[in-house]
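Each remark here refers to the structure printed beneath this line.
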Amino acid sequence: MAVQSRPRQALAIAGVLALALGATACSGDSESGLDPDSAECAPYSAFQGHDGESVSIYASIRDAEADLLRQSWKQFEDCTGIEIDYDGSGEFEAQLQVQVDGGNPPDLAFIPQPGLLARFAQANKLKPMTAEQKTLADTNYPADWLKYATVGGQLYGTPLGANVKSFVWYSPKAFAEKGYQVPTTWQQMIEISDKIVAENKKPWCVGLESGEATGWPATDWIEDLMLRTQPAEVYDQWTTHGIPFNDPRVSEAVDRVGSIIKNPKYVNGGYGDVKSLTTTPFQEGGLPILQGQCAMHRQANFYANYLPEGTKIGPDGDIYAFYFPAIDPAKGKPVLGGGEFTVAFTDGPAVQAVRQYLMTGEYANSRAKLGNWITPNNKLDVSNVTQAVDKLSMEVLLDKSAVFRFDGSDLMPAAVGSGTLWKGMVDWVNGKDTKSTLDFVEGSWPK
Amino acid sequence: MDFADEAPKLLMLLYGLIAFAVVVGGLLVLLDVVPNWFARRREAALVAAAPVDAPAAAGPRPRRRSVANRPEGALALFFLLPTLLLLAIGLVVPAVRTTVLSFMDGNSDNWVGLANYRWMFAQDEILGILTNTLIWVVLVPLVATAIGLVYAVLVDRARFEAVAKALIFMPMAISFVGASIIWKFVYAYRSGEYDQIGLLNQVWVMVGGEPQQWLNNAPLNTLLLIVIMIWIQAGFAMVVLSAAIKAIPGDVVEAARLDGVNPWQMFWQITMPSIRPALIVVVVTVSIATLKVFDIVRTTTNGNFDTGVIANEMYNQAFRFGQTGQGSALAVFLFVLVIPIVIYQVRNLRKQREV
Chain A
361 MAVQSRPRQA LAIAGVLALA LGATACSGDS ESGLDPDSAE CAPYSAFQGH DGESVSIYAS
421 IRDAEADLLR QSWKQFEDCT GIEIDYDGSG EFEAQLQVQV DGGNPPDLAF IPQPGLLARF
481 AQANKLKPMT AEQKTLADTN YPADWLKYAT VGGQLYGTPL GANVKSFVWY SPKAFAEKGY
541 QVPTTWQQMI EISDKIVAEN KKPWCVGLES GEATGWPATD WIEDLMLRTQ PAEVYDQWTT
601 HGIPFNDPRV SEAVDRVGSI IKNPKYVNGG YGDVKSLTTT PFQEGGLPIL QGQCAMHRQA
661 NFYANYLPEG TKIGPDGDIY AFYFPAIDPA KGKPVLGGGE FTVAFTDGPA VQAVRQYLMT
721 GEYANSRAKL GNWITPNNKL DVSNVTQAVD KLSMEVLLDK SAVFRFDGSD LMPAAVGSGT
781 LWKGMVDWVN GKDTKSTLDF VEGSWPK
Chain B
131 MDFADEAPKL LMLLYGLIAF AVVVGGLLVL LDVVPNWFAR RREAALVAAA PVDAPAAAGP
191 RPRRRSVANR PEGALALFFL LPTLLLLAIG LVVPAVRTTV LSFMDGNSDN WVGLANYRWM
251 FAQDEILGIL TNTLIWVVLV PLVATAIGLV YAVLVDRARF EAVAKALIFM PMAISFVGAS
311 IIWKFVYAYR SGEYDQIGLL NQVWVMVGGE PQQWLNNAPL NTLLLIVIMI WIQAGFAMVV
371 LSAAIKAIPG DVVEAARLDG VNPWQMFWQI TMPSIRPALI VVVVTVSIAT LKVFDIVRTT
431 TNGNFDTGVI ANEMYNQAFR FGQTGQGSAL AVFLFVLVIP IVIYQVRNLR KQREV
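Those protein sequence lines, which keep their order, are chains A and B. Residues 361 to 807 in our numbering are what the first sequence lists, from first letter to last. Residues 131 to 485 in our numbering are what the second sequence lists, from first letter to last.
If you want it as structure tokens, here you go:
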């Protein structure tokens, strides 16, 4: 036995060595990039001097959008020699917590939930900004947005991308054929819905299925209606548990949502009845508009990413969006939106450089030019935003009369905002009454 | 597709392969070299001891044992150490830590006593989850084992035994997530005015029913999820039990035949007692797998529509909601539930060894 096995050993060792040698031979060609002193690299001169260092970024953005992110900082990498190691995960929220608890956090993360950001800040896991970065943040971003990354008077992050949720997608062609005007008031929107019902068609389509996040599109509906039935101050009290979750004002908003998405006459165009909502993937929720089986689909501007390739988006295209109208326009123009915040878990000089770069107008424009992206960064040249609904979103974001509020479920503690509220909405759509649903959510709010 | 663009990914793949080769190769070499080294030393020691032995046979006996023992003890330690180390890091430390965390709050900052356990038994939702887990643990092992056993008996020595066995064993090769996705299609729903894409609804419509949202209606949905688990586990039960049936000594079977038993008596009085140990192993293994079930629930409903089970809720609480204390309490409870089964299994193994 001992004698027999010797040739085998030799073979194994030789194999391992050969592979190892092969690897070193292959790995030497990663040096690419531009001359750091060239004109192209001039905007990055402030960030130079960290050649060869690597900075890790962890976020929930994946696939095509992640490739665009990598492209957006490619030139920065080439000019500064800093290597950005980006990792996007569908389990971001859970995994980030694990990494941080395990003492192995990423250098930077893009966190879409101010509630989660606050939790890390309170646990002293986040690095505050340098004075220079703070000044830059204050000049480049509206105070409305920065307050979502401010914990205990200390600013911990700046917005990266943003989205506007108060949109209803529709087919301009179908509207023109029927002679419908794009509604500007709630009343008009309901009138159009009823007209479509009279033609024996379903006016609305909704998709709530989203894997472990099933139910979230319904929470956006509730938030939008909270903003439309109550003043923004009540909305703020609602998201911070200043009023109980089963407050009559909340149940009024929820019932108003129910008058559309739990109305068997209104939903679910292209998919069937109310029961089909919770099993229709949110990505496919608005697609029946393209087949003329559904007239309206309330979803954020990022829904453009889920449209089939070649779909024309615009006022004269296959699909477009209108602002989800206010109930009482005299009370102002509420806008629901979201976005992700860049935060730092470490503060090495290269990390600081990347962090600061991501706040600049140069970065915002570099990313916006690649398409399907908007940001509240006021250094963004709006002409770099080309897609029609993104343009509309920028108009809404920059509208001084608009009252912007962040996605409420992202502000709430995760146990509610990405837990019982989603679950509650799923049960509610499936037939549970408003009161017991809201009592259930109220009971789950962490003490 | 531009091949050059994919180069970094291919490089990554290459690194992965190399790492795999290094680790696995290294382990193989280590496992081969070290015991050999000990064996050779032992041989050498024996050879060295031999001439001394020859003249006086009685004297050197204890000495030889001590020479042979020392490397053997070291060898045993060498093999045990990694296991002990991994057990400590991977099992003992986390178990203790989880237990400690279950008495702390969501951020693991303050001690809260038994609050998390009280929460567990006070919330209707969690009680529903405990009930569901109970239904799973009762039904899956029983039904899966019963199906596996009946199938094993029926196909034993049948004409197409191999094919028949392969058919029912195949789901074992599918991951829980894969199986769940397959069954999700079976249960898929389209409302009446559209063509059904789900097998179950199509059959249901053909016999004159209204299409159903199978996965939405409690408590039927839990049973439908249990079907998935049974579909996977019945193959395992069948294979183990079939092997046990084949291992029944031929003379016992022959003696029973000579005594004139009918097939029914043969099954209850010969087959069942003979395969009892295998039967227990199957039930215990499937029970533990069922207590831990997570993937099926997560993939099909994610615990919505009252289908949650302990493992799923534990993950949600600890990792998604940041309620580490409540998640840990659920984990500890699950651990407590598994213990009796494990004790039973260990005792059983001991008993068999004594026999």
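The C-beta atom is built at its ideal place from N, Cα and C for all residues, glycine as well.
- Its Cα nearest to that of T746/A, the residue K672/A stands out among K672/A, Q653/A, A774/A and L798/A.
- The alpha-carbon separation between G674/A and K622/A amounts to approximately 29 Å.
- At a Cβ-Cβ threshold of 7 Å, L330/B and Y317/B count as neighbours.
- Taking each of A169/B, I378/B, E340/B and N240/B in turn and checking the Cα distance to P403/B, the smallest one comes out for I378/B.
- At least one beta carbon of chain B lies nearer than 7 Å to the beta carbon of S636/A.
- Y595/A carries a helical assignment under DSSP once its states are collapsed to helix, strand and coil.
- Secondary structure at S417/B: helix, using DSSP grouped into helix, strand and coil.
- For I687/A, there is no enclosing alpha helix (DSSP H), since its DSSP letter is neither H nor E.
- Excluding five sequence positions before and after T638/A, the CB atoms of its chain that fall closer than 8 Å to its own CB belong to L568, E569, T574, G575, V786, V789 and N790, given in chain order.
- By the rule that beta-carbons nearer than 7 Å mark a contact, A419/A does not touch chain B.
- Taking C-beta separations shorter than 6 Å and ignoring five residues to either side along the sequence, the partners of V460/A in its chain run K485, following chain order.
- Where A225/B is concerned, the enclosing alpha helix (DSSP H) starts and stops at V223 to L231.
- Near chain B, meaning a CB-to-CB distance below 8 Å, the residues of the stretch 562-584 of chain A are G571, E572, T574 and G575.
- Within 10 angstroms of the beta-carbon of T545/A lie fewer than 16 other beta-carbons, which makes it exposed.
- Chain-ordered, the chain A residues with CB closer than 9 Å to the CB of S321/B read N628, Y631, G632, D633, K635 and S636.
- Within the stretch 317-350 of chain B, the runs of alpha helix (DSSP H) at least 4 residues long that lie entirely inside it are, in chain order, 329-336.
- Residue pairing from DSSP leaves W266/B without any beta-bridge partner.
- At least 7 Å separates the beta-carbon of I311/B from that of E443/B.
- Cβ-Cβ distances below 7 Å link L587/A to Y595, P694, L696 and R765 in the same chain, with the five nearest sequence neighbours on each side left out; the list follows chain order.
- Collapsing the DSSP output to three states places F470/A in a strand.
- Residue pairing by DSSP puts T702/A in a beta bridge opposite F470/A and T518/A.
- Burial state of R428/B is buried, judged by a 10 Å Cβ sphere holding 16 or more other Cβ atoms.
- Put simply, the backbone Cα of K691/A is about 51 Å away from that of V335/B.
- The residue from P407/B, L160/B, A225/B and R287/B with its alpha-carbon nearest to that of L205/B is L160/B.
- Where A503/A is concerned, the enclosing alpha helix (DSSP H) starts and stops at A503 to L506.
- Under the three-state reduction of DSSP, F290/B is assigned to coil, being neither helix nor strand.
- Identification of chain A residues near R450/B by a Cβ-Cβ cut-off of 8 Å yields E453, A454, E572, A774, S778 and G779, ordered along the chain.
- Counting every other CB atom within 10 Å of its CB across the protein chains shown gives T263/B a total of 16 or more, marking it as buried.
- Distance from the Cα of L757/A is smallest, within the candidate group P502/A, S416/A and Q457/A, for P502/A.
- Contacts with chain A (Cβ-Cβ distance below 8 Å) from the stretch 235-268 of chain B involve G236, N237, Q253 and E255, listed in chain order.
- Between the C-alpha atoms of L279/B and L520/A there is a straight-line separation of about 59 Å.
- Taking the Cα of T430/B as reference, the smallest distance to any Cα among E202/B, M359/B, F463/B and M250/B is reached at M359/B.
- Measuring C-alpha to C-alpha distances from G455/B to each of W241/B, I304/B and N351/B identifies W241/B as the nearest.
- Secondary structure note for M549/A: its alpha helix (DSSP H) is the uninterrupted segment W546 to A558.
- Residues of chain B whose Cβ lies closer than 9 Å to the Cβ of R479/A are, in chain order, N237 and G452.
- Distance between N744/A and A655/A, taken at the CA atoms: about 30 Å.
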